[in-house]
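Undergrad:
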Amino acid sequence: MAIFNLPFWTYVGVIAGIYTIFALGLYVQDALTGLPNFGHVAFMALAAYGMAILIIRLNVPLPIAATGGVLAAVGFGLLLGIPSLRLRADYLAIVTVAGSEMVRYLALNLQDLTGGALGSIGMLGPSNLAQYNTDWDNFLSPITATLTRLLGSGIANRDFTMLLIVWLLTLVLMLLLWVMVRSPWGRVLRSIRENEAAAEAVGKNVFGYKLQVLVLGAILGAIAGLLLAWEIGVFSPDDYQPTVTFYAYLILILGGTTRLWAVPVGAVLFGILYSGTRFLNFFPLSLIDSGDRAYLRLLIVGFLLIVLMAVRPQGLLGNRKELLIQ
Amino acid sequence: MFDQFVQLLVNGLITGSILALTGVGATLVFGIQRIANFAHGDYMTVGAYVAFVVNVAFHQNLIVAAFCGMVAVAVFAVIAHYSLFRPLRGRGFVAISIISFGLSLLIRNLIFLFGGSAVRQYAVSQSAVYVIGFVRLSPGQAVAIAVALVVAPLTAWFLARTRVGKRMRAVADNRDLAAVAGIDIERIAVYVWIFAGALAGLGGVMLGLEQGTFDPNLGVDPLFLIFTTVVLGGIGSAYGALFAGFALGLAMELSTWQALAGGLGSQYKPVLAFVVLIVILLYRPQGLFGRARVL
Amino acid sequence: MTTDHILQVRGVSKSFDGIRAVNEASFEVERGSITGLIGPNGAGKTTMFNLVSGFLRPNRGTILFDGQRIDGRAGHVIARAGLVRTFQIPRVLTRLTVLENMMLAAKHQPGETFGAALLMPGRVAKRERQVREQAIRLLELIRLTRLANDYAGTLSGGQRKLLEFGRALMTEPRMVLLDEPMAGVNPALALQLLEHILELRASEGTTFCVIEHDMEAVMAISDRIVVMDEGTVIAVGLPEEIQKNERVIDAYLGRSGEEPEPGSRLQVES
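Chains as they are written, first to last, in our numbering: chain A, 2 to 327; chain B, 33 to 327; chain C, 2 to 271.
(1) Going along chain B, which residues have a C-beta under 8 angstroms from Ala-131 of chain A?
(2) Apart from the five residues on each side of it in sequence, which residues of its chain come closer than 6 angstroms, Cβ to Cβ, to Ala-44 of chain C?
(3) Whose C-beta lies closer than 7 angstroms to the C-beta of Val-203 of chain B among residues of the same chain, with five residues either side of it excluded?
(4) Between Ile-95 of chain A and chain B, is the shortest Cβ-Cβ distance under 8 angstroms, so that the two count as touching?
(5) Is the CB of Val-55 of chain B under 8 angstroms away from at least one CB in chain A?
(6) Determine, using beta-carbon pairs with one atom in the region 89–101 of chain A and one in the region 215–232 of chain A, whether at least three such pairs fall under 8 angstroms.
(7) Rounded C-beta distance between Val-182 of chain B and Val-42 of chain B? I'm assuming under 8 angstroms.
(8) Which runs of the beta strand (DSSP E) fall wholly inside the region 12–84 of chain C and span at least 3 residues, in chain order?
(9) Can you name the start and end residues of the beta strand (DSSP E) that Leu-178 of chain C belongs to?
(10) Under the rule that 16 or more other beta-carbon atoms within 10 Å means buried, what is Gln-89 of chain C, buried or exposed?
(11) Once the 5 residues before and after Arg-266 of chain C are set aside, which same chain residues still bring their CB inside 7 angstroms of it?
(12) Which value, in whole angstroms, describes the spacing of the CA atoms of Ile-273 of chain A and Phe-56 of chain C?
(13) Give me the residue from A:Val-29, A:Ala-24 and A:Ser-154 with the minimum Cα distance to Trp-186 of chain A.
(14) Just list the residues that DSSP pairs Ala-236 of chain C with in beta bridges.
(15) When we look at the beta-carbon of Asp-35 of chain B and count the other beta-carbons within 10 Å, is it buried (16 or more) or exposed?
(16) Kindly say whether Gln-4 of chain B, judged by its beta-carbon, lies nearer than 8 angstroms to any beta-carbon of chain A.
(17) Considering only their Cβ atoms, is the gap separating Ile-35 of chain C from Arg-272 of chain C smaller than 8 angstroms?
(18) Assess contact between the region 17–24 of chain A and the region 263–273 of chain A, defined as three or more Cβ pairs (one per stretch) separated by less than 8 angstroms. Is contact present?
(19) If we cut at 8 angstroms on Cβ distances, does Lys-15 of chain C have a partner in chain A?
(20) Considering only residues of the region 104–131 of chain C, which uninterrupted alpha helix (DSSP H) runs meet the minimum length of 4 residues and lie entirely inside it, listed in chain order?
(21) Specify whether the region 51–61 of chain B and the region 267–280 of chain B touch according to this definition: at least 3 beta carbon pairs, one from each stretch, less than 8 angstroms apart.
(22) Exposed or buried, which one is Val-308 of chain A when buried takes at least 16 other CB atoms within 10 Å?
(23) Residues of chain B with CB under 9 angstroms from Phe-1 of chain A, in chain order?
(24) Between Lys-198 of chain B and the rest of its own chain, which residues show a CB-CB distance below 8 angstroms, the 5 nearest in sequence each way excluded?
(25) Does any C-beta atom of chain A lie closer than 8 angstroms to the C-beta of Phe-56 of chain C?
(26) Check whether the Cβ of Val-85 of chain C lies closer than 8 angstroms to any Cβ atom in chain A.
(27) Under a three-way DSSP split, which group does Gln-9 of chain C fall into?
(28) Can you name the start and end residues of the beta strand (DSSP E) that Ile-212 of chain C belongs to?
(29) What first and last residue would you give for the beta strand (DSSP E) that runs through Val-163 of chain B?
(30) Under 8 angstroms between the Cβ atoms of Ala-109 of chain B and Gly-79 of chain B?
(31) Given a cut-off of 8 angstroms, decide if Leu-140 of chain C and Glu-195 of chain A are closer than it, judged by their beta-carbon atoms.
(32) Touching or not, the region 83–91 of chain B and the region 279–299 of chain B, by the rule of three or more beta carbon pairs under 8 angstroms?
(33) Please report the residue range of the alpha helix (DSSP H) in which Arg-168 of chain B lies.
(34) So, is Ile-250 of chain C buried or exposed, given that buried needs 16 or more other C-beta atoms within 10 angstroms?
(35) Please report the Cβ distance between Ala-249 of chain A and Phe-44 of chain A, rounded to the nearest whole angstrom; I am assuming they are in contact, meaning their Cβ atoms lie under 8 angstroms.
(36) Do Phe-259 of chain B and Leu-309 of chain B count as a contact pair if the criterion is CB distance below 8 angstroms?
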């Protein structure tokens, strides 16, 4: 495939936008408030499964099903979060990843509810192909049609519509977050990150703020999960392994953990890196057949996680000064 | 009823011994280095694959193969320690965890790329069954038990009686006190990685034997069970991990016993472990035998 | 007794793992007074501060602030009620600027509510301006103005102590618990600090309770001294009385080593 294939890069752009929202959820929790969440992918999973189950099994209309998905993610976050928030960072990290693995494991094994290993298409049993995306597709098609008339089918397609919607949403969310992060509310969160006891000692309800951040992170993760499910049209438990949470961490590290506006940069870089492996057609990488490209990709992710954390933990755009003060 | 119980008991002892032996090494590492090594499961995979190559490609018997696996992982663990974990120790727990996760991806996908995704098995019959009273065992499982019966007491003796073993326990229990007592913490840290690496490698071989077949994802599921064993026993408590490993293995297997209100469906065994892990972290983070640290 | 006591500690006990760090301790602090809290290392003074400020929950006993029970209440609730504490080892917010450290502590910040910056930006901005002015004024008082835009993590130990002090004052407290405010601070600054304490007491009527090991300073500034040893209050009185009190002298000098053996007492690092 030629490298300047617009539909391909449009798709990459959609994924980058979705992962920006996902990484923003992690930014708010860890980069801003100092709450590691190695189980962040659980919010994606619960939102997607919640929405799909409501649509496929209960015929709930899309907007309500989407809300239900977000509520499922928030509910789980509170269930695990409320007792865990008082834990030290290292214990919190392990509890959260155990939580997300438990969610994935249950999704894999509660076959009647979740479709088991088949995922969303298996929700109505092995012989029926279950589909949750019809309403969303119906929502997109008139928009796609209009755009095709305006811009021609060389540019406009379903993914292009998704691109516009996702990035518009991303922009709005980032603006909202930006205002909030710069406000006194953001200052309290940063103080919790630096020294909880000091924040408590000057009258800030640390536990309450942590809960707010958890809920916000859950909502952002859930929105990302819904958008991803709508973009791809199908999902399974394999899509929600801890690796996905670490994609978000990689995005934060790539862009830089000290600036909100670095998150989309990290996500786009990640998207390019991840999808760009298919263009590595030169020796010796051309020896790797395309089926194995997935392994190469993950290898690169693992390698980058190590190298970046070791060599440039403040990310490409981050403020080294801030990081040096530890 | 009773025959199922005995079968489950034996299964539990096999699983338990894998968890206990790998867990002992893991808890010492976690306790001394204060890290969570997300690559520990993949250390097991490396051991399993090296042993596989020695056993199947070089036609050596399982004991030689297992030994080679243990050595390979021990060496690898030491290299990882010197190149990654030691220099980057000051970055903090979250950073090291991310790095160890990156390492895990690196190892697993290198094995996929160079070892292939094909399912592997040792030069052991997959279809034969040994029947001993109520218990049915595959040859692989039988070997695993035999290994456990030899290695577990050896490990316990090593920890209790040898100088190195005692020092490892001392450092894991109270690093500052051990340093004051004149123990070279850095040296012990390396020994601990050798110890943990070797046992992880052995655990990988035993797991491969117990399962019958394996692929590069061998270490993915056990990782959480190892974490659970470590936390349940108390991070840094070697005997705690030995106990917790067996306890967890037995609990998981016996929970499927039909006499217990039909028993837990066997696919939910890991969920039991997750629940145990979460509950322990929330309500007794020092585990069964760990020290309660004030913050 | 018609003395107005702003703080009343009654029969408070706290144990860790079976070791009694504080053992049936009782004392009172008069409103507008400067009370020194002294005692050998390991006496339980910082633990007492932790108990009074809500960072620890007493196993037994009651604590009253301005007549209201505060034992067992959360730290932030007590701070909002007007009882603020500093830490023995300063807890500065390293990656926030000195100015931000100060501004954090101000009371009544509508901007700290979730979403407030979006829904009432004008009000939030206005209060921020006021808070900034208040912070700058206080920074001038403690002579840290030129460091206002530096990251607090770059401050020296003594400067951090001052910042802790300034941050406590930002909350407009009615009572301040100072845990070794002068440790590591150069003598000139320490003197300044003492002057600030006296001045605040005179102008605002702020009550102070000070843990200090610098005996000269404590005796000079305190109206009253409370002496703790091995978790209990062994003496209360005027500085002159305490200096002559046999039990107190005994507590400090009676043991061959003033430091307790490691592990004989648990001291919670705040």
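Note that CB positions come from ideal geometry on N, CA and C, so glycine has one too.
TA: So, from the listed chains and residues:
(1) Under the 8 angstroms cutoff, chain B gives no residues; its nearest Cβ is about 21 angstroms from Ala-131 of chain A.
(2) Met-229 and Asp-230
(3) Ile-64, Ala-210, Ile-215, Ile-217 and Ile-220
(4) yes
(5) Before going on, a small fix: residue 55 of chain B reads as Gly here, not Val. Closer than 8 angstroms: no.
(6) no
(7) Incorrect: roughly 17 angstroms between the Cβ atoms, too far for contact.
(8) 20–31, 35–39 and 61–66
(9) 176–180
(10) buried
(11) Reliability fails at Arg-266 of chain C, whose pLDDT of 37 lies under 50, so the model's placement of it is uncertain and no value is given.
(12) 48 angstroms
(13) A:Val-29
(14) C:Val-228
(15) exposed
(16) Nothing can be reported for residue 4 of chain B: it is not among the residues displayed for chain B, which extend from 33 to 327.
(17) Residue 272 of chain C cannot be examined here, being either before or after the span of chain C that is shown, 2 to 271.
(18) yes
(19) no
(20) 117–120
(21) yes
(22) exposed
(23) Within the shown structure, residues of chain A are numbered from 2 to 327, placing residue 1 of chain A beyond reach of any answer.
(24) Leu-191 and Ala-192
(25) yes
(26) yes
(27) strand
(28) 208–212
(29) 162–164
(30) no
(31) no
(32) no
(33) Arg-168 of chain B -> not in any alpha helix (DSSP H); beta strand (DSSP E) instead, spanning 167–169.
(34) exposed
(35) Not confirmed; about 11 angstroms, so no contact.
(36) yes
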